[in-house]
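Participant: Quick note on numbering: the sequence shown equals residues -34 to -1, 1 to 431 in mature numbering (1 follows the signal peptide of the UniProt record, and there is no 0).
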Amino acid sequence: MTKNKRGLIGTGGLIALLLVVTGLTGAGVSSAQAATSAKPKHNKTGHYSPPNGAIFNYPFSGKKNRYRIRTHVLKTIKSVPPGGQIRIAAYSVNDNTTVDALIAAKRRGVSVQVVVNSHNVHGTEYHGSSPSFIRLMHTLGQRIHRKGVADDRVSFAKYCRKSCRGKGGNVHYKMFLFSSAGSKNLVTMVGSPNLTTLAAQGQWNHLITYSGNPTTWAYYNTMFNEMKIDKPQPHPYRVYGPTQGVTPETWFFPRPGTQAGDDPLAVAMKKIQCTGVSSPYGSGGRTVIRIGQYAWYGARGNWLAKDVRALWNQGCNIKLETAVLGPTARAILRNHSGRGAIPTRETGSWSKTTGRPLTYNHSKYMTVSGIYDGQPQTITWVGTTNWSTLGFYSDDMTQVWSSIDPIANDPYPYPGSMYADFVKNFNKIWRGPQTHLPQSHHTITVTGRVSELFHGDDGVLLGED
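1. On the three-state DSSP scale, how would you describe G304?
2. By alpha-carbon positions, which one of Y33, H88, F219 and G340 ends up nearest to residue 438?
3. Taking a contact to mean a Cβ-Cβ separation below 8 Å, would you say N268 touches T294 in this structure?
4. Which residues mark the beginning and the end of the alpha helix (DSSP H) in which K29 is found?
5. Excluding the 5 residues flanking S149 on each side, which residues of the same chain have their C-beta closer than 7 Å to its C-beta?
6. Only counting runs of 3 or more residues, tell me where the beta strand (DSSP E) segments fall wholly within the segment 283 to 352, in order along the chain.
7. How about I110 and F122: are their beta carbons less than 8 Å apart?
8. Enumerate in chain order the residues of its own chain whose CB-to-CB distance from R221 is below 6 Å, with the five nearest sequence positions on each side excluded.
9. Would T175 and M155 be called neighbours here (beta carbons separated by less than 8 Å)?
10. Near A271, which residues of its chain fall below 6 Å by C-beta distance, leaving aside the five closest residues on each side in sequence?
11. Among T288, G321, T325 and A147, which one has its Cα closest to the Cα of I308?
12. Between the C-alpha atoms of M384 and L291, what's the straight-line distance to the nearest angstrom?
13. Within 8 Å, do at least three Cβ pairs link the segment 52 to 61 to the segment 78 to 86?
14. Roughly how many whole angstroms lie between the Cα atoms of I(-20) and T319?
15. Should V115 go down as buried or exposed, given a rule of 16 or more other Cβ atoms within 10 Å for buried?
16. Mind checking D431: buried by the 16 CB within 10 Å criterion, or exposed?
17. Going by Cα to Cα distance, which pick from Y24, P214, G132 and T90 is closest to S58?
18. Here's the rule: buried if 16 or more other CB atoms are within 10 angstroms of the residue's CB, otherwise exposed. What is I43?
19. I need the straight-line Cα distance from L106 to I69, nearest angstrom please.
20. For a test of the three-state rule: what should DSSP assign to D431, helix, strand or coil?
21. In three-state DSSP terms, what is F219?
22. For P47 and L161, what's the separation of their Cα atoms in angstroms?
23. Looking at C-beta atoms only, is the number of pairs between the segment 352 to 369 and the segment 131 to 143 that lie closer than 8 Å three or more?
24. Looking only at its chain, what residues have a beta carbon closer than 6 Å to the beta carbon of Q108, apart from the 5 residues adjacent to it on each side?
25. Distance check for Q239 and D339, CA to CA, integer angstroms please.
26. In whole angstroms, what is the alpha-carbon distance linking M103 and V233?
27. Taking the alpha-carbon positions, what's the D61 to V366 distance?
28. I'd like the list of long-range same chain contacts for W353, defined as Cβ closer than 7 Å, with 5 residues on each side in sequence excluded.
29. Leaving out five residues before and five after R101 in sequence, what residues of the same chain have Cβ atoms less than 7 Å from its Cβ?
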């Protein structure tokens, strides 16, 4: 697994982190753990224990599968007991039911802190504001400090004008932290869904839940605490992993100025070996790679397309699912040289008048079974990061799940099931009626905090979400 030493904290730093920065010892871990035993003041606290693992939603299936992620998050919010903590960082919050649950949590004595992107309040030409988030903001207030109240007990809802921890980009995390819910403690959720009705009704999304690791929760909470200050960090890019006791290894962006030579995902791709793979890994002696990526374009998208193409030509078994695929990346991936065009599908629907996607695959992952870094294993890169340069300037994150990493409290019943879960999801989408061959050519560039999409003669702006 890639080990980048930028931003790594040693044992002494970890102690300081746990004791001072996050407040997870004393007022933090103690209050978070105490919340588990706190008795609800009334019968409105739920009893849902969020299961560990990956879950997926399918917008054109039955209600249960369509709302699977939304229901999971809602039931967790409703099950945080009085004295507990909820921390949400998301690009968008636009769902009255979710906002109602957050307000109810605050009223029963839960500390609710929410940070979102600025369009939720101010809107843009192509992104309306969110009345439900504005209601949440007015109800909870925006101040992160309150006289006579410990910072970890304050409730608020606020936005950052750009990325919270950087100088540009936007807030793009989809990170939900809960001190406890039901029988589970220190719950982290990370994935592709925003807390919106569109995320359930018009997007294919994934969300990974992991609980019980105080170190993971502490580091993730540290990122949230830096976000709520809304001040550029001198070294915003961090990598935390098993060395620090964090599962899974996680890359926290921004990382402005990143190029192909030091893009952590591009570096990782060069460690994949395509042939000579033995069972139970890979298929037919070849490493298997499945990629689900919503937005794949621009400088970063192009160099990652070249890396994927190189792996295809080296013999890897590759399939791709996309929604917004830039013309240069498309030409690289779909040309007929070497082994020919890489099998690719687009998922969703596009407006015939504007060219904007109406429903779309919002996934952000690459999963591999084969030989990586000289060792047979399965490994999955998954999180909130699109394959575009904008991600290096935004509050974004990528988790790295490897079947051979030392994992305490492994949420999966057997090594490699993360890969199995994502491949099962990939295959279900691939065979679905909303999935088709790539149909059209788009010219996409990045302007500020949105991407500019030209479809035919119609120019429209598409916000990366």
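Cβ atoms here follow ideal geometry from the backbone N, Cα and C, with glycine treated the same way.
Facilitator: Considering the structure as presented:
1. Correct three-state label for G304: coil.
2. What is shown of the chain runs -34 to 431, which leaves residue 438 out entirely.
3. Yes, the Cβ-Cβ distance between N268 and T294 is below 8 Å.
4. Residues K29 to R32.
5. Excluding sequence neighbours, S149 sits near S15.
6. Along the length of the segment 283 to 352, whole beta strand (DSSP E) runs at least 3 residues long occupy 283 to 291, 310 to 316, 323 to 327, 330 to 338 and 341 to 349, reported in chain order.
7. Cβ distance < 8 Å, so I110 and F122 count as in contact.
8. These residues qualify, in order along the chain: Y203 and F358.
9. A contact, by the Cβ cut-off of 8 Å.
10. These residues qualify, in order along the chain: A295, I298 and L299.
11. Minimum Cα distance to I308 is reached at T288.
12. So the two alpha carbons sit approximately 26 Å from each other.
13. Result yes; three or more Cβ-Cβ pairs closer than 8 Å.
14. At I(-20) the pLDDT is 37, less than 50, meaning the model places this residue with poor confidence and gives no usable figure here.
15. When all chains shown are included, V115 counts as exposed.
16. Label assigned to D431: buried.
17. The shortest C-alpha separation from S58 is found at T90.
18. Burial is judged here by how many other beta carbons sit within 10 angstroms of a residue's own beta carbon; I43 has at least 16 and is buried.
19. CA-to-CA, the gap between L106 and I69 works out to about 8 Å.
20. Looking at D431 - three-state DSSP - the assignment turns out to be coil, as it is neither helix nor strand.
21. Correct three-state label for F219: coil.
22. Taking C-alpha positions only, P47 is separated from L161 by approximately 21 Å.
23. Note that the segment 352 to 369 touches the segment 131 to 143; at least 3 beta-carbon pairs, one per stretch, sit closer than 8 Å.
24. Around Q108: F122 and K124.
25. Cα-Cα distance, rounded: 8 Å.
26. As the crow flies, the alpha-carbon of M103 is around 41 Å from that of V233.
27. The alpha-carbon atoms of D61 and V366 are separated by roughly 30 Å.
28. Cβ neighbours of W353 within its own chain (closer than 7 Å, five residues either side excluded): Q259, A261, W262, R266, G267 and L270.
29. The answer, listed in chain order, is V65.
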